[in-house]
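Line order of the protein sequences matches chains P and A. With my numbering applied, the first sequence corresponds to residues 1 to 476, in that order. With my numbering applied, the second sequence corresponds to residues 477 to 992, in that order. No residue lacks a Cβ here, since even glycine has one placed at the ideal position from N, Cα and C.
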Amino acid sequence: MSVRARIAAAARSALRRTHAIPRMWVVAACAGTFILLVPFLFPLNGRPHADWLQFLGRFHPLLVHLPIGLIVLWPVLEILGMKRPALREAAGLVLQLALATCLASILFGLLLAYGSGEIGTTVTRHMRGAIALALELLLALAIRPAWLTSQRSPWYFILLTAAVTTLAWTAHQGGSLTHGSDYLTRYMPRALRNFLAPSAVASHPDSFFARHIFPVLDAKCVACHGTNKEQGGLRLDSFESLMAGGKDGIVIAPRNPDASLLLKKVTLPPSDPHFMPAEGRTPLTVDEIARIRAWVQTGASPEAVNVPGMFFAEDRDEAPPPVGDYSALMNEILQMQQSQGAKLVPVSGNPSDGLILRTTDVGATFDDRQLQKFQRFAPFIVEAELGRTSVTDSSVETLIQFKNLRALHLESTAVTGRTLGKLSSLSQLNYLNLSATKVTSDMLAPLKSMPNLRHLYLFETPAEPKSADSGVRSSQ
Amino acid sequence: MKQHPLCSDCEDAITPMDLPVPDGLKKEWLACESRRQFLGRSGKVLGWAALGSLFGEAGFHYRAFASGANPQATSGLNRLGLPHFAPKSKRAIYLFMSGAPPQVDLFDYKPNLAAQFDLDMPASVRGNQQLTGMTSGQARFPVAPAHWPFSRQGQTGTWISDLLPYTARMVDDLTFVKSTNTDAINHEPAIMLMNTGNMNAGKPCLGAWLAYGLGSMNDNLPTFVVLQTKTNPKENNQPVSSRLWSSGFLSSEFAGVGLRSVGDPVLYLTDPEGVDRNVRRKMLDAVEEINRQTLAEVGDPETNSRIAQYEMAFRMQSSVPELTELSKEPQSTWDLYGPEAKEPGTFAYNCLLARRMAERGVRFTQVYKRGWDVHDNVVGMLPVLCQETDRGCYALVTDLKRRGLLDDTLVIWAGEFGRTVYSQGGLSQDNYGRDHHPRCFTVWMAGGGVRPGVSYGETDDYSYNVVKDPVHVRDFNATILHCLGIDHNKFTYKFQGLDQKLTSPVPAFVVEGILA
């Protein structure tokens with residue numbers, strides 16, 4: 001038996017069990033058909049219509065919150081109604097009101113879209129969602145009397161759940177229309193955002209283009225240069241289409257922002273007929289133009305993660321995880337500081353920022369054996385300044401116990417890199433200085449697996465890259 | 477026994493305790509002054525502990541840190557609780573361009589000015605700005621466009637004068653602040669304001685505050701070192717003096733230690749013939765003994781500083797020769813800094829020394845380069861000044877970067893104010909002069925804590941007024957402190973009844989827009 005047949009059978013048996021008034025069903029069927037026909041009666045063709053339609057339509061965002069509130073209240077009353085029958089009675093009224101306001105909202109929404117000539121996938125989705133919601137409410141209202149008497153049919157609650165879900169989805173589409181589709185995700189922690197909504201440019205989700213250029217185009221340009229419309233033969237909804245340009249040729253000239261048509265158009269005086277975005281839509285902000293310009297200036301790469309000079313608050317290094325409180329060991333730390341030898345120095349007045357192992361004053365007399373003495377402070381040491389000391393490859397054995405180590409200085413030591421592979425267990429390590437050591441490039445291979453290692457210094461080593469920027473900070 | 481001039485045996489004399497002044501002040505006076513008076517009058521040596529119990533724990537301890545020992549001691553224990561938060565930079569190098577470089581010729585690109593050559597600058601732009609006596613009598617203020625072309629450099633396409641070919645190579649690593657402004661229009665008050673946050677002498681400078689607050693990172697070199705560049709007699713050299721690296725009301729051990737630009741970096745550093753290291757040690761021990769007696773008798777906290785300085789000098793006898801011994805520098809160093817760096821006292825040499833000190837744990841190094849005061853003959857002198865400094869600046873930043881030091885070192889390049897867009901004296905096709913200008917000037921920073929490749933702030937078409945994101949000297953200093961982990965509002969020292977701070981009592985704001 002096919003799924004459809006099974007649903008039909010279930011619906012038939014549900015109907016058989018109800019003692020609904022036939023007239024109610026006739027009304028419901030008529031109303032339902034009318035609602036379904038609405039989009040065909042007033043097709044959204046992207047052309048604006050009479051102003052008064054839009055004037056009334058603009059009350060849609062106001063009106064729309066009435067059914068939302070009522071629909072959310074409805075399941076609450078039904079559930080509480082199990083204990084207090086008076087509330088269940090109220091639920092019926094709320095459902096009726098919800099349907100009525102829902103229909104009014106749809107009407108005003110149509111006036112708005114039809115009047116302003118707005119089209120697009122989100123508009124369509126929002127409209128379809130609202131129609132589905134209205135139908136669900138209608139059906140729920142129709143089978144409610146039967147459900148009240150028998151209480152056995154699960155269909156009422158299925159409809160209720162469906163209606164609430166449809167409401168959430170439709171409301172989200174509406175929100176995206178007014179606030180932009182990235183309204184909820186813009187300030188979301190980056191890890192969560194990548195997990196929830198992989199970027200439209202999925203091949204390089206971390207690139208500067210995906211994070212800072214595409215969202216601008218998406219919010220300000222794609223309505224007219226995208227799937228729904230291709231004004232001027234130009235689409236701006238992907239990197240490829242952006243670079244391909246439109247009828248007037250390419251719009252982005254890498255490394256030449258002044259010759260890039262897109263930048264020219266958005267920086268014209270707003271009164272100019274060629275100014276973009278056209279038709280009084282929200283212009284690009286100075287900041288957005290600056291970031292597009294900087295991206296074009298540096299070559300308009302789809303992969304580049306950073307563009308020099310461009311920096312965004314959300315890109316700031318996240319604060320490293322706090323380390324434990326070392327206050328219990330404070331006496332020892334103080335004693336060490338007052339005596340000769342290597343010292344532990346607090347990173348800041350805040351104990352959870354950890355300790356720095358400082359060997360400036362002991363230099364060459366500090367060796368692997370002395371390093372071992374710091375094992376008991378291991379979890380609190382976030383930076384080890386071991387440059388110009390006598391530590392060797394075997395120091396790594398001790399260092400891998402410094403689980404919270406973020407910066408490791410091994411410059412000008414006898415380290416050969418033989419044991420560097422073991423450092424890969426230090427997941428927090430961000431900075432590694434191997435300048436003026438005998439480290440060769442094949443020793444570095446195991447470090448590639450370290451996700452947080454951003455700064456690796458190889459100045460005056462056999463592994464030093466022989467490029468123009470020799471020895472300079474190499475990022476992974 | 478000869479009476480100490482600070483002592484009074486007259487029991488009836490009026491003391492501040494009798495005056496109608498706030499209790500807080502009286503308390504401070506008690507903690508500060510009476511130690512000397514009490515000790516002097518009684519003529520007896522009292523233990524510190526007894527004093528502590530007499531005058532109350534808090535007040536006594538407070539003065540004890542402030543005066544005697546470095547709160548960090550040499551130990552790294554920081555009773556001030558500094559840094560307030562995890563710093564991005566541990567140390568700073570301040571390249572001070574004394575005399576005020578002309579921003580409009582070097583960084584602040586104004587292409588529209590070429591068309592306005594010799595036209596009068598509109599009076600509306602000048603507004604109510606008071607001029608110096610050197611140009612206030614001028615009949616007209618003709619616009620003098622930059623004599624040298626600018627070009628876009630680096631990935632960021634930053635505009636910079638062709639006079640700075642080396643700096644041009646590293647614009648992507650620099651953070652420019654084009655909207656810096658100051659209150660003073662003459663060198664001395666302006667340079668004091670830049671360094672100490674106050675136009676009047678007597679306040680501690682930035683380096684002294686850092687030495688006091690963050691303490692030393694090594695036992696053998698001073699926390700705060702000042703390097704002066706040899707002067708070029710052809711240049712208009714404004715004086716710089718130890719007022720600029722003074723510790724003001726902080727203990728004098730936090731003052732900058734100047735290394736000489738000519739001859740031995742520190743005079744009499746080597747022991748005289750026939751005096752070996754042990755003899756020197758014995759002598760110093762005896763001096764310390766005497767100093768301690770003086771301290772006990774007079775109780776002047778400056779005696780503590782003196783003891784500490786003798787000890788530092790002893791350690792510097794071995795650390796400074798090691799610091800200035802450049803023979804082990806690899807060839808790549810000389811390729812980068814240029815042959816000039818081999819000659820002590822040049823700017824390039826000082827930059828190299830600054831890098832070596834950064835490696836050795838010096839907290840704050842300030843390099844002074846004088847001669848930027850180009851009132852006339854800009855066309856003749858500016859290329860000379862740029863040639864003297866450009867490569868050194870580039871070499872220092874690049875060297876720190878390739879050695880992995882730039883991540884936690886802040887490099888600062890600044891003068892005390894800017895220069896006017898209008899010509900001082902005659903303007904010709906070949907030459908012009910520029911007067912002092914406090915309303916805008918360009919500075920740059922690089923390294924830990926600031927965003928590379930950013931140009932912050934904007935000036936008007938005449939590089940005369942700031943039109944976007946002004947940064948006062950106070951804000952600039954607050955930002956420097958922020959990079960070093962210090963909240964400038966919390967970093968205070970009670971003196972003369974006021975919680976003194978580097979950024980003065982006037983509100984100052986960290987420039988968030990340039991922070992990394």
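Contact annotation: the segment 219-226 of chain P touches the segment 275-294 of chain P, with at least three C-beta pairs closer than 8 Å. For T632 (chain A), the closest Cβ of chain P is nearer than 8 Å. Of the residues P:Y183, P:G120, P:G324 and P:L103, the one whose Cα lies closest to the Cα of A132 (chain P) is P:L103. Judged by DSSP secondary structure, D218 (chain P) falls within the alpha helix (DSSP H) whose first and last residues are F214 to K220.
Closer than 7 Å at the C-beta level to chain A, one finds these residues of the segment 448-460 of chain P: H455, Y457, F459 and E460.
Contacts between N696 (chain A) and chain P, judged by CB atoms closer than 8 Å, involve D361 in chain order. Taking 8 Å as the Cβ-Cβ cut-off, the segment 622-652 of chain A approaches chain P at G630, Q631, T632, G633, T634 and D648, given in chain order.
Excluding residues up to 5 positions away in sequence, P75 lie with their Cβ nearer than 6 Å to the Cβ of L160 (chain P) in the same chain. Listed in chain order, the non-local C-beta contacts of L177 (chain P) below 7 Å within the same chain comprise T122, V123 and H126, local neighbours out to five positions each way being set aside. Rounded to whole angstroms, R23 (chain P) and A142 (chain P) show a C-alpha spacing of 10 Å. The Cβ atoms of K706 (chain A) and V742 (chain A) do not sit closer than 8 Å to each other. Within a 10 Å sphere around the beta-carbon of E89 (chain P) sit fewer than 16 other beta-carbons, which makes this residue exposed. If you look at H455 (chain P), you'll find it in the beta strand (DSSP E) that goes H455 to Y457. If you draw a straight line from the Cα of A163 (chain P) to the Cα of A134 (chain P), it is about 8 Å long. For R454 (chain P), the closest of P:Q428, P:A28 and P:A463 by C-alpha to C-alpha distance is P:Q428. Among the CB atoms of chain A, none fall inside 8 Å of the CB of D258 (chain P). About 6 Å separates the CB atoms of Y940 (chain A) and R915 (chain A); that is less than 8 Å, so the two are in contact. If only complete runs of 4 or more residues are kept, the segment 116-173 of chain P shows the alpha helix (DSSP H) at 121-150, in order along the chain. When DSSP states are grouped into helix, strand and coil, G923 (chain A) belongs to the strand group. Using a Cβ distance threshold of 8 Å, T896 (chain A) and D911 (chain A) count as a contacting pair.
Chain A has a Cβ within less than 8 Å of the Cβ of E411 (chain P). Excluding five sequence positions before and after D51 (chain P), the CB atoms of its chain that fall closer than 8 Å to its own CB belong to G115, given in chain order. For G925 (chain A), the closest Cβ of chain P is not nearer than 8 Å. Within 8 Å of the CB of Y187 (chain P), no CB atom of chain A is found; the nearest one sits about 17 Å away. Closest in alpha carbon position to Q629 (chain A), among P:A294, P:S271 and P:F55, is P:A294.
Counting only unbroken stretches of 3 or more residues, the beta strand (DSSP E) elements lying wholly within the segment 723-806 of chain A are 733-735, in sequence order. Residue pairing by DSSP places Y932 (chain A) opposite A:V653 in a beta bridge. Bounds of any alpha helix (DSSP H) do not take in G226 (chain P), whose DSSP letter is neither H nor E.
A direct Cα-Cα distance of roughly 11 Å separates N256 (chain P) from I292 (chain P). Interface annotation, L558 (chain A): in contact with chain P, CB-CB separation under 8 Å. A straight-line Cα-Cα distance of about 6 Å links M921 (chain A) and L650 (chain A).
The DSSP-derived three-state label of R895 (chain A) is strand. Rounded to whole angstroms, the Cβ separation of R879 (chain A) and S441 (chain P) is 19 Å, and the two are not in contact under 8 Å.
Its chain contains G341 and A342 as the residues whose beta carbon lies nearer than 6 Å to that of V362 (chain P), once the 5 sequence neighbours on both sides are disregarded; these appear in chain order. Annotation: G973 (chain A) to P559 (chain A) spans about 25 Å, alpha carbon to alpha carbon.
The beta carbon of L284 (chain P) is closer than 6 Å to those of K220 and V266 in its chain, skipping five residues each way along the sequence.
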